[in-house]
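Accompanying notes for the structure given below.
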Amino acid sequence: MKILVCITHVPDTTSKISFTDGNTKFDKTGVQYIIGPYDDYALARAVELKEQHGGSITVLNVGEAETEPTIRKALAIGADEAIRVNAFPSDAFFVAKQIASVAKEGAYDLILMGRESIDFNGGQVHSMVGELMGLPSVSPVMVLDIEGSTAKIQREIEGGKEFMELDMPFIAGCQEPIAEWKIPNMRGIMSARSKPLQVVDPTDDGVQADVEVFELPPAKEAVKLVDPENLDELVNLLKNEAKVL
Amino acid sequence: MAALAFVELEEGQAKKSSLEAVSYASEVEGSVTAISFGQMADGELDKIGAAGASKVLHVTDEKLATPNIMAYASAISEAMNKEGSNLLVLAKSSLGDPVAARVAIKTNAAMATNVTELPDTSDGFKVKCSIYTGKAFAITRLSSEKKILGLKKNAISIKEDGGTAEVEAFSPATDDGDFKVQVTNREKATGEILLPEADLVVSGGRGLKGPENWGMIEELAKAIGAATGCSKPVSDMEWRPHHEHVGQTGVKVSPSLYIAVGISGAIQHLAGVNSSKCILVINKDEEAPFFKAADYGVVGDAFEIVPKLTEAIKAQQG
Ligand SMILES: Cc1cc2nc3c(=O)[nH]c(=O)nc-3n(C[C@H](O)[C@H](O)[C@H](O)COP(=O)(O)OP(=O)(O)OC[C@H]3O[C@@H](n4cnc5c(N)ncnc54)[C@H](O)[C@@H]3O)c2cc1C
Chain L
1 MKILVCITHV PDTTSKISFT DGNTKFDKTG VQYIIGPYDD YALARAVELK EQHGGSITVL
61 NVGEAETEPT IRKALAIGAD EAIRVNAFPS DAFFVAKQIA SVAKEGAYDL ILMGRESIDF
121 NGGQVHSMVG ELMGLPSVSP VMVLDIEGST AKIQREIEGG KEFMELDMPF IAGCQEPIAE
181 WKIPNMRGIM SARSKPLQVV DPTDDGVQAD VEVFELPPAK EAVKLVDPEN LDELVNLLKN
241 EAKVL
Chain P
1 MAALAFVELE EGQAKKSSLE AVSYASEVEG SVTAISFGQM ADGELDKIGA AGASKVLHVT
61 DEKLATPNIM AYASAISEAM NKEGSNLLVL AKSSLGDPVA ARVAIKTNAA MATNVTELPD
121 TSDGFKVKCS IYTGKAFAIT RLSSEKKILG LKKNAISIKE DGGTAEVEAF SPATDDGDFK
181 VQVTNREKAT GEILLPEADL VVSGGRGLKG PENWGMIEEL AKAIGAATGC SKPVSDMEWR
241 PHHEHVGQTG VKVSPSLYIA VGISGAIQHL AGVNSSKCIL VINKDEEAPF FKAADYGVVG
301 DAFEIVPKLT EAIKAQQG
């Protein structure tokens with residue numbers, strides 16, 4: 001089974017978010033970058049599926065050279081080879097086109113990625129890739145099992161889940177509890193250094209959604225503490241001051 | 001030319017977030033056509049009309065009665081063409097998101113998601129999108145002629161004086177290729193208030209010690225008509241179902257009131273709740289980080305405070 005896992009290179013979930021250059025650029029100072037947590041689930045499941053069914057894992061990132069340590073980490077976790085499309089991932093449409101173009105070349109059985117990136121939270125790329133390739137896409141996937149050429153999937157919906165079956169190839173946007181995050185071991189880290197990482201040029205497709213400026217939410221006022229012995233006052237505040245009850 | 005709004009029906013009823021989409025489209029474009037699939041309960045047409053739509057394209061084809069992402073995307077693209085719509089508005093959801101992304105490719109539209117307010121059209125078309133899981137916003141310019149907007153909850157309030165909508169039966173072309181995914185079963189909590197739609201949320205964390213202690217959370221929720229949520233460790237330990245998990249890697253909520261009980265307020269949890277209008281934190285540790293993100297707080301033992309709070313609320317309800 002040939003699996004393609006698409007990963008994002010994003011600020012750690014504990015990062016302080018701030019901007020520079022008149023709020024037009026993300027401030028990378030002191031920020032640690034990681035594999036997107038949802039992509040990390042996709043990768044972990046890919047490693048398990050390879051253990052069960054054999055095959056190979058290719059990891060793909062659309063990003064500039066700075067993302068290579070993140071890609072190497074994915075190789076250390078268990079991907080066999082990597083492709084980096086050398087371009088800034090400007091919007092979902094652009095990224096989806098790059099992924100679809102790599103995926104068409106590789107004839108993968110399964111294309112996995114996270115349900116969304118944790119920087120722009122768009123959650124659009126898997127469906128766009130599916131549409132571009134004329135394939136089904138399913139997200140957010142919590143259970144993914146393969147039997148022969150068929151997949152059995154559980155997808156989360158509001159207040160519950162959907163059980164589905166479909167034939168490979170398809171695209172899945174993953175989330176927990178599809179697998180547990182894998183931490184690279186020493187052997188993985190050593191071997192990752194020599195695994196192939198191919199850099200390819202982007203197809204020159206335009207961007208449709210362009211961020212002009214960033215904003216931060218207004219600072220929160222200090223909390224109003226209410227005495228646990230005076231909960232009537234709390235109810236009163238919620239009703240008459242905040243007007244939320 | 002009318003804007004198109006996708007109205008999801010949940011057991012025949014228009015979802016509140018979908019009615020927000022109708023009202024949003026009507027503010028932007030004036031004239032709105034809604035599109036809905038499957039059985040529609042009595043009175044829903046009036047609500048959709050009041051929210052701002054003058055017409056509802058109603059798809060009653062049996063094959064499309066249950067949600068099908070690819071087929072709905074095809075149908076909605078066809079409807080956009082038919083209506084000459086340059087704008088599609090829908091609410092973010094497990095159905096709306098993938099449908100919108102596919103329609104964007106089919107119609108060559110520019111798409112923005114997590115939109116939090118009406119667009120700025122003074123110079124082109126710019127929308128404000130929530131990013132970094134609510135920690136920032138991106139003012140995003142959409143340049144294509146066709147545009148698709150996925151709304152975050154509470155981007156706009158639902159109109160009640162729009163008008164009346166007429167129904168038009170719509171039978172979109174169906175393509176076998178759109179039926180490759182076979183939904184074998186659907187498990188859904190019934191009768192509960194759905195977390196992503198909820199206006200009030202009561203959430204519990206590890207501080208509650210075990211699933212057997214959720215009774216008081218459910219009672220508080222019931223007293224105010226709230227949905228229940230939880231922190232990630234709580235769903236990881238299976239004290240609560242996964243679809244209640246709130247935060248960076250779970251459901252993002254934006255209710256008017258979020259009540260957090262025995263949750264420390266880790267940054268990944270806050271990421272899912274920071275667009276709530278008002279936050280009340282109940283925690284025995286006055287140093288808990290959640291108090292920094294809260295509007296109101298009570299420092300003390302949840303096992304004493306929560307039942308008392310429920311009583312106080314019931315007393316004031318009379
Ligand atoms: C990549 C990543 C993603 C994550 N995503 C999420 C996410 O989406 N959502 C999420 O929630 N977490 C997420 N986490 C986990 C997060 O970091 C915290 O570990 C988690 O939120 C803590 O849950 P908690 O507050 O319930 O538990 P704890 O941190 O253990 O807090 C329990 C709290 O209960 C209080 N308490 C104890 N007893 C009582 C009592 N009797 N009365 C009142 N208060 C009491 C304590 O003072 C404490 O503040 C993520 C972590 C990572 C690394």
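Sequences listed follow chains L and P, in order. Numbering of the first sequence is given in the working numbering, commencing with residue 1 and proceeding in unit increments. Numbering of the second sequence is given in the working numbering, commencing with residue 1 and proceeding in unit increments. Backbone N, C-alpha and C define an ideal beta-carbon position, used for all residues, glycine too. All figures in this text were calculated on a predicted structure; none of them were measured in a lab.
How about L/Ile7 and L/Leu43: are their beta carbons less than 8 Å apart?
-> Closer than 8 Å, so yes.
With a 10 Å radius around its C-beta and 16 neighbouring C-beta atoms as the bar for buried, classify P/Gly247 as buried or exposed.
-> P/Gly247 comes out buried.
Beta strand (DSSP E) segments (min. 3 residues) lying fully within the region 127-200 of chain L | Counting only runs of 3 or more, we get 137-147, 150-157, 160-167, 170-174, 197-200.
Examine the Cβ distances between the region 220-235 of chain L and the region 45-61 of chain P and report whether three or more of them are shorter than 8 Å.
-> Here the region 220-235 of chain L does not lie against the region 45-61 of chain P, with fewer than 3 beta-carbon pairs under 8 Å apart.
Pairwise C-alpha distance: L/Lys161 and P/Glu187 = CA-to-CA, the gap between P/Glu187 and L/Lys161 works out to about 5 Å.
Should L/Leu110 be flagged as near chain P, meaning a C-beta pair shorter than 8 Å?
-> Answer no: the Cβ-Cβ gap between L/Leu110 and chain P never drops below 8 Å.
Stretch pair the region 54-68 of chain L + the region 169-189 of chain L: three plus CB contacts closer than 8 Å = Too few Cβ pairs lie closer than 8 Å, so no.
Expressed to the nearest angstrom, what Euclidean distance is found between the alpha-carbon atoms of L/Pro202 and L/His9?
-> L/Pro202 and L/His9 have their alpha carbons spaced roughly 17 Å apart.
DSSP state of P/Ala112, grouped into three classes?
-> Here P/Ala112 sits in strand by DSSP.
Residues near L/Ala76 by beta carbon distance below 6 Å, same chain, minus five either side = In its chain, beyond the 5 residues on either side, Pro184, Gly188, Ile189, Ala192 have a beta carbon closer than 6 Å to the beta carbon of L/Ala76.
Is there a Cβ from chain L that is less than 8 Å from the Cβ of P/Phe125?
-> Output row for P/Phe125: interface = no.
Roughly how many angstroms lie between the CA atoms of L/Glu215 and P/Gly272, to the nearest whole one?
-> Distance from the CA of L/Glu215 to the CA of P/Gly272, rounded to the nearest whole angstrom, comes to 18 Å.
Alpha carbon to alpha carbon, how far is P/Thr116 from P/Ile267?
-> Taking the Cα positions, P/Thr116 is about 21 Å away from P/Ile267.
Residue range of the unbroken beta strand (DSSP E) whose run includes L/Pro37 | Counting along the chain, L/Pro37 falls outside any beta strand (DSSP E), though it belongs to the alpha helix (DSSP H) covering 37-53.
Within the chosen definition, does the region 10-30 of chain L reach the region 142-150 of chain L through at least 3 CB pairs nearer than 8 Å?
-> In short, these stretches do not touch, since the Cβ pair count stays below three.
Note down, in chain order, all residues in the region 156-189 of chain P with a beta-carbon under 8 Å from any beta-carbon belonging to chain L.
-> Those residues of the region 156-189 of chain P placed with their C-beta closer than 8 Å to a C-beta in chain L are Gly177, Lys180, Val181, Gln182, Val183, Thr184, Asn185, Arg186, Glu187, Lys188, Ala189, ordered along the chain.
Expected contact under 8 Å - CB spacing of P/Gly225 and P/Ile259 to nearest Å | Cβ atoms of P/Gly225 and P/Ile259 stay farther apart than 8 Å, at about 13 Å.
What residue range is occupied by the uninterrupted beta strand (DSSP E) comprising P/Gln321?
-> There is simply no residue 321 of chain P to check, as chain P begins at 1 and stops at 318 in what is shown.
Does ligand 1 have even one heavy atom less than 7 Å from the beta-carbon of L/Gly114?
-> For ligand 1, not one heavy atom lies less than 7 Å from the Cβ of L/Gly114.
Between which two residues does the beta strand (DSSP E) harbouring P/Val234 extend?
-> For P/Val234, there is no enclosing beta strand (DSSP E); the enclosing alpha helix (DSSP H) covers residues 232-236.
On the DSSP bridge assignment, give the partners of L/Asp80 in chain order.
-> DSSP output for L/Asp80 lists no bridge partner at all.
Can you give the Cα-Cα distance for P/Leu4 and P/Ala51, rounded to whole angstroms?
-> P/Leu4 and P/Ala51: Cα-Cα distance of roughly 13 Å.
My guess is that P/His243 and P/Lys232 are in contact by the Cβ rule of under 8 Å, so how many angstroms apart are they, rounded?
-> About 13 Å separates the Cβ atoms of P/His243 and P/Lys232, ruling out a contact at the 8 Å cut-off.
How big is the Cα-Cα spacing for P/Gly210 and P/Glu304?
-> C-alpha separation (whole angstroms): 16 Å.
DSSP state of L/Pro247 mapped onto helix, strand, coil = No statement about residue 247 of chain L is possible, as the shown extent of chain L runs from 1 to 245 and does not include it.
Within chain L, partners of P/Asp295 - CB distance below 7 Å | By Cβ distance, chain L contributes Val223, Lys224, Ala242.
Taking 8 Å as the CB-CB cut-off, is P/Ser18 touching chain L?
-> No, its Cβ sits nowhere closer than 8 Å to a Cβ of chain L.
Just by C-beta distance, which residues in the region 90-106 of chain P are closer than 9 Å to chain L?
-> Using a CB distance below 9 Å, the part of the region 90-106 of chain P facing chain L consists of Lys92, Ser93, Ser94, Leu95, Asp97, Pro98, Val99, Ala100, Ala101, Arg102, Val103, Ala104, Ile105, Lys106, ordered along the chain.
So which residues touch the region around ligand 1, with touch meaning a C-beta under 5 Å from any heavy atom?
-> In chain order, the residues with a C-beta atom nearer than 5 Å to some heavy atom of ligand 1 are L/Thr13, L/Pro37, P/Gly205, P/Arg206, P/Gly207, P/Ser231, P/Lys232, P/Pro233, P/Gly247, P/Gln248, P/Thr249, P/Gly250, P/Gly262, P/Ile263, P/Ser264, P/Ala266, P/Gln268, P/His269, P/Asn283, P/Lys284, P/Asp285, P/Ala288, P/Asp301, P/Ala302.
Nearest to P/Leu88 by CA position, among P/Gly134, P/Val28, P/Glu11, is which residue?
-> Of the candidates P/Gly134, P/Val28, P/Glu11, the one whose C-alpha sits nearest the C-alpha of P/Leu88 is P/Val28.
Compute the beta-carbon to beta-carbon distance between L/Gly122 and L/Ala103, rounded to the nearest angstrom, for a pair I have assumed lies under 8 Å.
-> The pair is not a contact, with the Cβ atoms about 19 Å apart (cut-off 8 Å).
By Cβ distance below 6 Å, which residues in the same chain neighbour P/Val319 in space, the five residues on each side in sequence not counted?
-> Nothing in the structure corresponds to residue 319 of chain P, since chain P is present only between 1 and 318.
Can you tell me whether P/Phe179 is buried or exposed, with buried defined as 16 or more other CB within 10 angstroms of its CB?
-> Under this definition P/Phe179 is an exposed residue.
Taking 8 Å as the cut-off, decide whether the C-beta atoms of L/Lys2 and L/Ser56 are in contact.
-> Contact flag set, yes.
Which residue from P/Lys147, P/Val299, P/Gly262 puts its Cα closest to that of L/Val234?
-> A small fix is needed here, since residue 234 of chain L is Leu in this sequence, not Val. Of the candidates P/Lys147, P/Val299, P/Gly262, the one whose C-alpha sits nearest the C-alpha of L/Leu234 is P/Val299.
Please confirm whether P/Ile217 and P/Val261 have their CB atoms less than 8 Å apart.
-> In contact: P/Ile217 and P/Val261 (Cβ atoms closer than 8 Å).
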